[in-house]
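Reading through the structure tokens given below for one structure.
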Amino acid sequence: MIFTAYRLELFKMCQRLATWVALLCFSALTLLMFGSQFYGARHAHGYFGFPDSLPALLTAGAPFASIFGVVLIVLMVCSEFDWKTSRQNIIDGLSKRQWFAGKVLLIPTIAVVLYLTQGAIGGTLAFIGTSSLNRHPFDPTATYALAACGVLLAMMCYASIALFIGLSVRSTGPTLAIALLYQVFDNIAAITLRGLRLGAIAEWLPFQVHSALLAYNQYQPYGSGARAHANGHWSTGVLFMAGAAWVTVLLGASYRVYMKRDL
Amino acid sequence: MSILSVAGLTKRYGKLTAVDDVTFDVHSGQVFGFLGPNGSGKTTTIGMVFGIVTPTAGHLTLFGSDGPRALAQSRRRVGGTLEQPSLYPYLTGRQNLHLVAQIKRLDDSHVAPALKAVDLLAAADRKTKGYSLGMKQRLALAAAMLGDPELLIFDEPTNGLDPEGMQEIRELILKLSRSGRTIVLCTHLLAEVERVCTHVAILKQGRLLRCGAVAELTTGAPVFRLRTDNPLTLWEAVCKYPPARQMRREHEAVYTELADSDPALLCKYLAGLGIYLAELSNQRATLEETFLRLTGSSGAADSGAAP
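Protein sequence lines, in the order shown, are assigned to chains A and B.
Residues in the first sequence are numbered consecutively from 17, following this note's numbering.
Residues in the second sequence are numbered consecutively from 524, following this note's numbering.
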């Protein structure tokens, strides 16, 4: 039945115009971002192609993707409370657990769709721009794979924050505002903690972990110059665990909030 | 056979008691009206039956099952709506029913007959955001009926409808009732209960005031209307008549209930005093009178002017 709930969520998402508008806006922004790099490289005798642009393709657009992921999750969750379809679904026979599972499964789905869209647009431009000139060696495949996983985890982390806020607030407008402003609050909290010489704690805040996960340098091999400039002092394994832990905690808190409150 | 049994059901929100120790039974084949003014706790009670509101106290049995797991299974045999129709506005009527069919594990072959039953086949492929309120109510009813549930619960299904729309919904409910389904109908419209329901529970401020067959409530104690040329003498005589109860004067007439329910004895008594009646008639108490007597208020519920 959880698979049915997930299938219904996909159906609802695909049938909704707002989804396609959001995806179109996201694609346009991605095209603008990579397009400007592509044309900038052409006019300034630079290079936008494989393999040099792979780090940018993997991580540079991820903050956008994270934000659009949040928007889509909020639209898919909070509208159900605005239209009271969340409780009607339960009256019709879905259990609260199944309804929640359907929404949770949307998180990785949305993250993958946005990331693939970004990859397809950037990748196409990079493919066009690829030439035999100015080529640098490829990074190890593991670096690219880890960067892609890190970005997906970061997107899921931010979307989980949005899910938690959405299930607590249950209204689209306020949830979007709080979720998008959350990164400001998180950054202010981190600055304050660092000011109090509690920088070690600040690094563990959800959005700080999210930002660290988006940094390509983080995934480069130890000993390379770039690795030294990575955010904070995370080892990749610990960073992944921190990201996964936040996703788990936030989904657990969302589940508790949703199950405890009447519809 | 009791399909829905509720005992001591209570819901508190902090200091506010929305539903206070409500007990009633709904039996197979009944059209059970849940009558009360707005804010009387009808929707909260039904929310608890649907499992979307957690009771603070009390016991609920559905199709003989109780306990969370068994109730969850039994709720699959229940269909219904709560408050206004809850539909996805960006989906068509057909797509909305497709979603409900999927949830109820039915294939799409059930969708078209359900749309036809509520006369929405022609508008099935239009987005529901363009539907009138009446069409939305009908679609919600169709969704509730999908899968042929044994118990149907409708919360204010005629809310906001024009008289014609109200009549259509009532006829649909009566049709469902005639097909043997058990129906619980929440409403604040007295006329709706009188026209559609076989049984009624009257709620006020979360408390159950009365529960029983509509016929019993409206024909409880007969009220007699008496009239003579001299109403003052008649009033004084009736007041002294021992079986007379709940006497009142209105214009030229005197109204009274009789403990012995025998108007012939009253006539004989009055004739003995030299009072000859110009009119003696049995006034059937309407549900509205019963409701107002029980709730002790006027205008708490609407008489529901309808065709």
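In this text, a Cβ means the ideal position worked out from N, Cα and C, and glycines have one as well.
CB of residue i within 8 Å of CB of residue j, strictly
i	j	result
L73/A	G138/A	yes
S700/B	R748/B	no
I194/A	V185/A	yes
P608/B	K652/B	no
I204/A	M172/A	no
L141/A	F64/A	yes
R768/B	Y778/B	no
T584/B	S528/B	yes
I725/B	L605/B	no
E717/B	L810/B	yes
A667/B	G570/B	no
P560/B	H711/B	yes
T721/B	V737/B	yes
G44/A	L230/A	Checking the sequence, you will find Ala at residue 44/A rather than Gly. For A44/A and L230/A, no; Cβs fall outside 8 Å.
A228/A	G145/A	no
Distance cut-off 7 Å: residue i Cβ against heavy atoms of the ligand ATP
i	result
G253/A	By its list of ligands, the structure shown contains no ligand whatsoever, and the ligand ATP lies outside what it can speak to.
Own chain partners of residue i with C-beta closer than 6 Å, once the 5 adjacent residues on each side are dropped
i	result
Q114/A	M17, I18 and A21
A635/B	none
A244/A	For A244/A, the predicted model reports a pLDDT of 49, less than 50, meaning its position is unreliable and no value from the coordinates is stated.
G729/B	T540, A541, V542, D543 and G564
L209/A	I217 and A218
Y232/A	P71, T75 and A163
C734/B	F547 and A724
Test: residue i CB closer than 8 Å to a CB of chain E
i	result
A666/B	Checking the listed chains, one finds no chain E in this structure; the protein chains it contains are A and B.
First and last residue of the uninterrupted beta strand (DSSP E) at residue i
i	result
G602/B	V601 to T604
L583/B	A580 to L585
Y235/A	Per DSSP, Y235/A belongs to no beta strand (DSSP E) and is neither H nor E.
L708/B	T705 to T710
G556/B	V554 to L558
H550/B	L539 to H550
Y778/B	A776 to L781
N805/B	E802 to Q806
I692/B	It is not in any beta strand (DSSP E) - I692/B instead sits in the alpha helix (DSSP H) that spans P686 to R701.
Distance between residue j and residue i (C-alpha atoms, nearest Å)
i	j	result
F42/A	D648/B	30 Å
L33/A	V129/A	16 Å
D68/A	P153/A	8 Å
S525/B	S588/B	11 Å
G683/B	A776/B	39 Å
K650/B	Q618/B	9 Å
S102/A	D108/A	10 Å
T756/B	L740/B	32 Å
V167/A	R277/A	33 Å
D752/B	L796/B	14 Å
A624/B	L532/B	31 Å
C790/B	T813/B	27 Å
I575/B	T818/B	28 Å
L252/A	G259/A	Checking the sequence, you will find Thr at residue 252/A rather than Leu. Each residue's alpha carbon lies about 10 Å from the other.
F573/B	L664/B	16 Å
L614/B	R600/B	26 Å
K534/B	A580/B	7 Å
L732/B	P786/B	30 Å
Neighbourhood of residue i by C-beta, 7 Å cutoff - its chain only, sequence neighbours within 5 removed
i	result
L183/A	V93, S270, V273 and Y274
L110/A	A21
I126/A	G85, L88, I89 and A175
V120/A	L267
R704/B	E673 and L675
L629/B	L669 and G670
Limits of the alpha helix (DSSP H) - the one that residue i falls within
i	result
E715/B	L713 to V719
Q856/B	Nothing in the structure corresponds to residue 856/B, since chain B is present only between 524 and 830.
K534/B	Premise fails: K534/B lies in the beta strand (DSSP E), S525 to Y536, not in any alpha helix (DSSP H).
F27/A	I18 to Q31
K727/B	Segment H722 to K727 is the beta strand (DSSP E) holding K727/B; no alpha helix (DSSP H) there.
E573/B	Note that residue 573/B corresponds to Phe in the displayed sequence, not to Glu. Unbroken alpha helix (DSSP H) run through F573/B: K565 to F573.
V634/B	V634 to A640
L107/A	Here the sequence assigns Ile to residue 107/A, which means Leu is not the residue at that position. Where I107/A is concerned, the enclosing alpha helix (DSSP H) stretches over T101 to D108.
N619/B	G616 to I626
Sequence-distant residues of its chain with Cβ nearer than 8 Å to residue i (five each side left out)
i	result
I106/A	K112, W115 and L279
R661/B	V641, D642, L643, E691, I692 and L695
L179/A	I89, V93, K119, V120, I123, L266, L267 and S270
P156/A	P237
Exercise. Identify each residue in the segment 580-608 of chain B for which the Cβ-Cβ distance to at least one residue of chain A is less than 9 Å, and report them in chain order.
Key: For the segment 580-608 of chain B, which is checked against every Cβ of chain A, the residues closer than 9 Å are A595, R598, R599, V601, G602, G603, T604, L605, E606, Q607 and P608.
Quiz prompt | Short-range partners of chain B found in the segment 85-119 of chain A, where Cβ spacing is below 7 Å | solution = In summary, the residues of the segment 85-119 of chain A whose CB is separated from some CB of chain B by less than 7 Å are W99, K100, T101, R103, Q104, N105, I106, I107, D108, G109, L110 and S111, in the order they occur in the chain.
Quiz item: What residues in the segment 19-45 of chain A bring their beta carbon closer than 9 Å to a beta carbon of chain B?
Solution: Those residues of the segment 19-45 of chain A that come within reach of chain B (Cβ to Cβ, closer than 9 Å) are T20, A21, R23, L24, F27, K28, Q31, R32, L33 and A34.
Quiz item: If you measure beta-carbon to beta-carbon, which residues of the segment 623-645 of chain B are closer than 7 Å to chain A?
Solution: Those residues of the segment 623-645 of chain B that come within reach of chain A (Cβ to Cβ, closer than 7 Å) are V623, Q625, I626 and K627.
Practice problem: With 8 Å as the C-beta to C-beta threshold (strictly closer), list the residues of the segment 199-230 of chain A near chain B in chain order. | Solution: Hits within the stretch: zero.
Self-check item: Residues from the segment 552-582 of chain B in contact with chain A, defined by Cβ distance under 8 Å
Solution: Per Cβ criterion, the list reads G570, F573, G574, I575, V576 and T577.
Quiz item: Quick one, which residues of the segment 765-778 of chain B are near chain A if we go by CB-CB under 8 Å, in chain order?
Solution: The residues in question: there are none.
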